[in-house]
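Below you can see the structure in the form of structure tokens.
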């Protein structure tokens, strides 16, 4: 690995771990997997196992009940929403902003776009942390926060549209995965 890929490599090397940590952290509360106090301590593990099994059946963990027409709300569970927001917008977006900062620094220094500065953790960690703070400041602002949230939703929709165009998905290999198209 070159020194110039430090921040990006660190981000990519840990993304799966970060995603799993997020899912682990929000699953108990988002999916009501905390056993009621009425369940004896020795039965709580089995209670969680059964509840998780029920959520896996027909992929109910992806659904959020039914809409006003009685149709299943697929891929709409609040846990998915929370996980997507935490994963997609708490690390990647500031990293992208930091990368653009690096590119503009290179253009300021060289002006020709043929040579760019190294994108290393050593050089850009403070800028990355500043980007995190700036994004939080914008999100906390009563005017700019909702505007940024709306913008990010539009970008997410555009990203989803593009991801649906990808080739090479063979659903026949995963027949056990199904959704409720009622």
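Numbering (full-length UniProt numbering), first residue to last: 1 to 182.
Where is the CB? At the ideal position from N, CA and C, for every residue including glycine.
Just so you know, these numbers come straight off a predicted model, no measurement behind them.
When the Cα atoms are used, residue 132 and residue 40 turn out to be separated by approximately 44 Å.
The Cβ-Cβ distance between residue 64 and residue 46 does not fall below 9 Å. Within the stretch 42–127, the runs of alpha helix (DSSP H) at least 4 residues long that lie entirely inside it are, in chain order, 44–56, 78–87, 93–110.
Taking the Cα of residue 35 as reference, the smallest distance to any Cα among 50, 156, 93 is reached at 50. Between residue 79 and residue 127 the beta-carbon gap is near 33 Å, outside 8 Å, which marks them as no contact. If you ignore the 5 residues before and after residue 117, its C-beta comes within less than 8 Å of the C-beta of 102, 105, 106, 109, 123, all in its own chain and listed in chain order. For the pair residue 93 and residue 55, the CB atoms are not nearer than the 9 Å cut-off. When secondary structure is reduced to three states using DSSP, residue 146 falls in the helix class. Considering only 72, 95, 142, 182, the residue with the shortest C-alpha distance to residue 129 is 95. Counting C-beta atoms within 10 angstroms of its own C-beta, residue 100 has fewer than 16 neighbours from the protein chains shown and is therefore classed as exposed. Distance from the CA of residue 98 to the CA of residue 111, rounded to the nearest whole angstrom, comes to 19 Å. Cβ neighbours of residue 139 within its own chain (closer than 8 Å, five residues either side excluded): 145, 148, 149.
Less than 9 Å divides the Cβ of residue 22 from the Cβ of residue 87. Rounded to the nearest angstrom, the gap between the Cα atoms of residue 161 and residue 48 is 36 Å. Contact check for residue 20 and residue 182: beta-carbon distance about 31 Å, past the 8 Å limit, so the pair fails to qualify. In the structure shown, residue 165 adopts coil according to DSSP, grouped into three states. Under the three-state reduction of DSSP, residue 27 is assigned to helix.
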